[in-house]
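Numbering (UniProt numbering), first residue to last: 1 to 259.
Input: a single structure, listed below in structure tokens.
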Amino acid sequence: MHDILLTVKRFHVFVNFFSCDFRIDEIRSGGRVVKLDLQISNNERSTSQKVAETLRKAIFRGDLKLGERLVEANVAKTLNVSITPVRQAFGQLATEGLINVVPYKGTNVVNITPAFIEEVYSIRSKLELMAVELAFPNLQPSDWDKLEAYARKMELLTQAGDYQEAAEVDIDFHRMFYERSEHGLLLEMWSMLQSRIQLFQSYGRIYSPPSEKGEAENRHLAIVDAVRQGDRMLLLRLTEQHIEAGKRMVMHPYAKRDE
Numbered sequence: 001m002h003d004i005l006l007t008v009k010r011f012h013v014f015v016n017f018f019s020c021d022f023r024i025d026e027i028r029s030g031g032r033v034v035k036l037d038l039q040i041s042n043n044e045r046s047t048s049q050k051v052a053e054t055l056r057k058a059i060f061r062g063d064l065k066l067g068e069r070l071v072e073a074n075v076a077k078t079l080n081v082s083i084t085p086v087r088q089a090f091g092q093l094a095t096e097g098l099i100n101v102v103p104y105k106g107t108n109v110v111n112i113t114p115a116f117i118e119e120v121y122s123i124r125s126k127l128e129l130m131a132v133e134l135a136f137p138n139l140q141p142s143d144w145d146k147l148e149a150y151a152r153k154m155e156l157l158t159q160a161g162d163y164q165e166a167a168e169v170d171i172d173f174h175r176m177f178y179e180r181s182e183h184g185l186l187l188e189m190w191s192m193l194q195s196r197i198q199l200f201q202s203y204g205r206i207y208s209p210p211s212e213k214g215e216a217e218n219r220h221l222a223i224v225d226a227v228r229q230g231d232r233m234l235l236l237r238l239t240e241q242h243i244e245a246g247k248r249m250v251m252h253p254y255a256k257r258d259e
């Protein structure tokens with residue numbers, strides 16, 4: 001693993017009376033080009049959120065590799081920000097499970113292992129069935145249409161090979177059930193898992209066989225059909241099957257690696 005040696009290829013600064021807007025087109029990490037786009041206001045909290053989002057997207061895209069070392073000073077220099085918002089961003093990403101911060105040892109992007117996937121999905125399966133159960137009576141026809149739109153968009157993105165964006169839409173699809181559950185703590189617990197799940201799916205969609213990718217989108221559409229039919233038991237059964245199949249899909253490349 002290499003330290004992230006970040007050098008700005010070019011950037012443009014737009015200054016107005018209230019804020020600075022930095023657009024960083026490319027950086028280099030360990031000899032690799034990493035594309036980042038960071039827009040920053042003068043508010044420190046907003047800055048840390050922007051840094052976190054920039055790094056989060058780079059991790060999901062694979063621009064920052066699994067296990068890669070991150071150095072606060074190098075990130076701060078590249079993004080033209082102080083150490084404080086970078087440190088805050090690292091703390092946020094650690095909470096989301098995307099990086100490991102070990103005092104006096106350093107910070108690294110997480111590695112994905114079968115044990116890590118199993119741990120997350122064992123929790124997800126329980127939470128999601130509860131969310132679907134609670135959301136079912138609250139779902140409106142407009143929600144049915146939105147769920148189908150998400151499913152169709154995932155299908156198109158997967159066919160186009162845009163797996164990172166497809167994983168993001170997948171998160172939106174499932175999040176709707178948590179939101180419609182009207183259970184604040186349940187939604188909060190989902191929010192703690194969603195970055196980990198999106199990371200798994202971003203990589204799983206890249207490396208899993210094409211047939212598994214297509215099956216995933218078919219399962220989403222089947223869930224939508226169950227919602228439209230008002231069949232609660234079918235919806236719960238399909239959700240359980242979908243989560244188990246999804247776990248197998250994201251497990252596929254890492255299970256083979258450990259054989």
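We put the CB at the ideal spot given by N, CA and C, even for glycine.
Source: prediction; values computed, not measured.
Local conformation of residue i per DSSP, three classes
| i | result |
| --- | --- |
| I223 | helix |
| G106 | strand |
| V250 | helix |
| I99 | strand |
| N74 | helix |
| Q140 | coil |
| E244 | helix |
| L64 | coil |
| G91 | helix |
Cβ distance (whole Å) where residue i is taken to contact residue j below 8 Å
| i | j | result |
| --- | --- | --- |
| F200 | V250 | 4 Å |
| R175 | Q159 | About 23 Å separates the two Cβ atoms, so there is no contact after all. |
| V224 | A151 | 6 Å |
| I99 | N108 | 7 Å |
| E179 | L187 | 6 Å |
Residue from the options with nearest C-alpha to residue i
| i | options | result |
| --- | --- | --- |
| Y163 | F136, Q198, K146, E179 | Q198 |
| E168 | E182, L186, R205 | R205 |
| Y104 | A115, N111, A131, V71 | V71 |
| E165 | W144, I123, I59, A52 | I59 |
| A52 | A89, E148, I123 | A89 |
| I243 | V227, Q229, I171, T113 | I171 |
| A131 | T84, G67, M189, P209 | M189 |
| Y203 | L234, T239, A222, R248 | R248 |
| H183 | E118, R237, L127 | L127 |
Boundaries of the alpha helix (DSSP H) in which residue i is found, first to last residue
| i | result |
| --- | --- |
| N80 | Taken as a continuous stretch (DSSP letters only), N80 belongs to no alpha helix (DSSP H), as it is neither H nor E. |
| E68 | Premise fails: E68 is in no alpha helix (DSSP H) and is neither H nor E. |
| L134 | 114 to 135 |
Notebook entry, point to check: Which runs of the alpha helix (DSSP H) spanning at least 4 residues fall entirely within the region 142 to 227, listed in chain order?
Noted result: 163 to 180, 184 to 207
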